[in-house]
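Data first, discussion second: the structure below is written as structure tokens.
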Amino acid sequence: MGFIKHDLLVLGSQNAKEQDQKLTREQVRPVQILYRDGSIKPVNFFNSWGEVGVSSIAWDSRYADEFFVSENEEIRRLNVASRSFKTLDIGKVGDIHDIHFLDDILWISNTEHDEAIGFSPETNKVKERISLASFRTEYEKSDDLEKVIDRFHCNQIFLNYKNQKCALIHHVSGWQYYRILFEALVKQQGDGGVLNLDTQEVFPLKLQSPHSVRLINGNYWIQDSGDRSVKIFDQKWNLMSTIELGGFGRGMAFSEKDNVGYIGLSATRKRYLKVIPTGKYLHNRVVAVDLDKQQVSGEVVIPNIEQVDNVYILDNEMLSKFESLS
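Using my numbering, you'd call the opening residue of the sequence shown number 185 and step up by one each time.
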């Protein structure tokens with residue numbers, strides 16, 4: 185498989201809604217290694233972690249023997265050698281999406297509670313907690329809507345090209361649910377974008393359920409998951425181009441040196457089979473993309489999960505550590 189130029193770590197989970205589930209939780213392998221020859225090996229140590237699986241793993245050279253692992257409702261600090269862990273004391277969290285090291289701070293997208301949390305592993309304390317409430321626009325208020333949490337659906341904290349903290353969110357207005365219809369909340373679509381947490385600027389990019397922003401070759405690449413595509417923006421957030429993927433993208437690793445990106449695409453959920461344009465089931469997979477040509481160059485089907493949550497490139501040192509947990 186010449187299009188897979190690196191060994192990869194693929195994270196996944198069981199679908200959250202019972203009507204979408206095909207696998208039992210015991211059948212799910214949330215952490216797997218995809219080798220460059222196309223073979224796949226579960227990292228069995230993590231098999232039971234998380235109610236549905238593992239959403240994100242972060243590591244940093246300053247904490248060489250540790251992984252920080254998000255399983256949606258908590259983050260565990262794992263010592264690889266001893267296989268012991270401690271749960272981070274970060275207060276009330278839920279539906280945690282991406283966690284990333286930005287400089288020396290672990291930044292956490294506290295999705296359910298509309299927060300960005302900066303945690304210092306050195307002091308083992310929360311250093312900064314940013315509420316997104318101030319970004320909320322004024323719509324007609326309703327008692328029912330005021331009770332709703334997860335208004336923005338923030339799923340990643342990142343640094344832009346000016347080294348400013350930003351949040352990738354599904355709903356820049358802060359109104360994920362905008363109407364009560366037959367006693368059901370109706371979601372907005374095409375309201376996704378970026379909040380600059382340092383300057384308070386809002387960039388409405390008309391994205392549908394965006395995930396996994398990456399800074400590549402001077403531009404921003406974002407999985408426009410609901411549109412089943414990748415959108416590429418310049419540094420002023422002007423749309424430059426689109427790569428059609430044909431699936432719900434989440435998780436991306438890349439190497440500018442080797443001119444390749446790896447994007448996780450989730451299988452079609454049962455309840456969408458009758459309404460999506462293809463009308464057929466598509467497997468969980470990792471697709472390789474030529475960064476210069478902005479074209480898909482190949483794909484690998486990923487078993488043992490119902491959705492892809494993240495993809496990482498493993499160097500030899502990190503590969504060895506994850507293999508030691510297999």
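Idealized CB from N, CA, C, for every residue including glycine.
> Which stretch, first to last residue, makes up the beta strand (DSSP E) that contains L272?
Replying inline: Here residue 272 is taken as the residue at index 88 of the sequence shown, counted from 1. Element bounds for L272: n/a, residue is neither H nor E.
> When the distance is taken between beta carbons, is I314 closer than 8 angstroms to F303?
Replying inline: Here the question's residue 303 lines up with position 119 in the sequence shown. Here the question's residue 314 lines up with position 130 in the sequence shown. The answer is no: Cβ separation not under 8 angstroms.
> Can you give the Cα-Cα distance for T208 and N422, rounded to whole angstroms?
Replying inline: Sequence index remark: in the sequence shown, residue 208 carries index 24 (1-based). Sequence index remark: in the sequence shown, residue 422 carries index 238 (1-based). The straight-line gap from Cα to Cα measures roughly 43 angstroms.
> Out of curiosity, what's the CA-to-CA distance linking P388 and D408?
Replying inline: For this step, residue 388 is matched to residue 204 along the sequence shown. For this step, residue 408 is matched to residue 224 along the sequence shown. Cα-Cα distance, rounded: 13 angstroms.
>> Quick check on DSSP: helix, strand or coil for A375?
In response: Here the question's residue 375 lines up with position 191 in the sequence shown. The identity of residue 375 in the sequence shown is Asp, whereas the question assumes Ala. Residue state, collapsed to three classes: coil.
> Given F366, which residues of its chain have a CB within under 7 angstroms of its CB, disregarding the five upstream and five downstream residues?
Replying inline: Working through the sequence shown from its first residue, we reach residue 366 at position 182. Reliability fails at F366, whose pLDDT of 37 lies under 50, so the model's placement of it is uncertain and the value that follows must be treated cautiously. Same-chain partners within the cutoff: there are none.
>> Please identify the residue among D375, I283 and Y404 whose C-alpha is closest to the C-alpha of Q478.
In response: The residue labelled residue 478 in the question sits at position 294 within the sequence shown. Of D375, I283 and Y404, the residue nearest in Cα terms is Y404.
> Taking buried to mean at least 16 other C-beta atoms within 10 Å of its own C-beta, is K415 buried or exposed?
Replying inline: Taking the sequence shown and counting its residues from 1, one reaches residue 415 at position 231. Under this definition K415 is a buried residue.
> beta strand (DSSP E) containing K505: first to last residue?
Replying inline: Start at 1 with the first residue of the sequence shown, and residue 505 comes out as number 321. Segment N500 to E507 is the alpha helix (DSSP H) holding K505; no beta strand (DSSP E) there.
> Taking the C-alpha atoms as reference points, what is the distance between I400 and Y247?
Replying inline: Indexing the sequence shown from 1 puts residue 400 at position 216. Indexing the sequence shown from 1 puts residue 247 at position 63. The straight-line gap from Cα to Cα measures roughly 26 angstroms.
>> If you reduce the DSSP assignment to three classes, tell me which class R261 lands in.
In response: To locate residue 261, count along the sequence shown from 1; it is residue 77. R261 falls in the strand class under three-state DSSP.
>> If the criterion is Cβ atoms closer than 8 angstroms, does the pair W233 and P214 meet it?
In response: Walking along the sequence shown from the start, residue 233 turns up at place 49. Walking along the sequence shown from the start, residue 214 turns up at place 30. In this structure, P214 lies closer than 8 angstroms to W233 by Cβ.
> beta strand (DSSP E) containing M424: first to last residue?
Replying inline: Within the sequence shown, the letter at position 240 stands for residue 424. Segment L423 to E428, the beta strand (DSSP E) holding M424.
> When the Cα atoms are used, what is the spatial distance from L290 to V495?
Replying inline: Within the sequence shown, the letter at position 106 stands for residue 290. Within the sequence shown, the letter at position 311 stands for residue 495. Cα-Cα distance, rounded: 18 angstroms.
> Using CA coordinates, which residue listed in H354, L503 and I283 is at the minimum distance from S254?
Replying inline: Against the sequence shown, residue 254 aligns to sequence position 70. S254 has its Cα closest to that of I283, out of H354, L503 and I283.
> Quick one: Cα of H354 to Cα of S393, how far?
Replying inline: Residue 354 sits at position 170 when you count from the first residue of the sequence shown. Residue 393 sits at position 209 when you count from the first residue of the sequence shown. Rounded to the nearest angstrom, the two C-alpha atoms are 5 angstroms apart.
>> Can you look up E250 in the DSSP assignment and give me helix, strand or coil?
In response: On the sequence shown, position 66 is the one that residue 250 refers to. Strand, per DSSP.
> Mapping DSSP to helix, strand and coil, what is H190?
Replying inline: Against the sequence shown, residue 190 aligns to sequence position 6. Coil at H190, not helix or strand.
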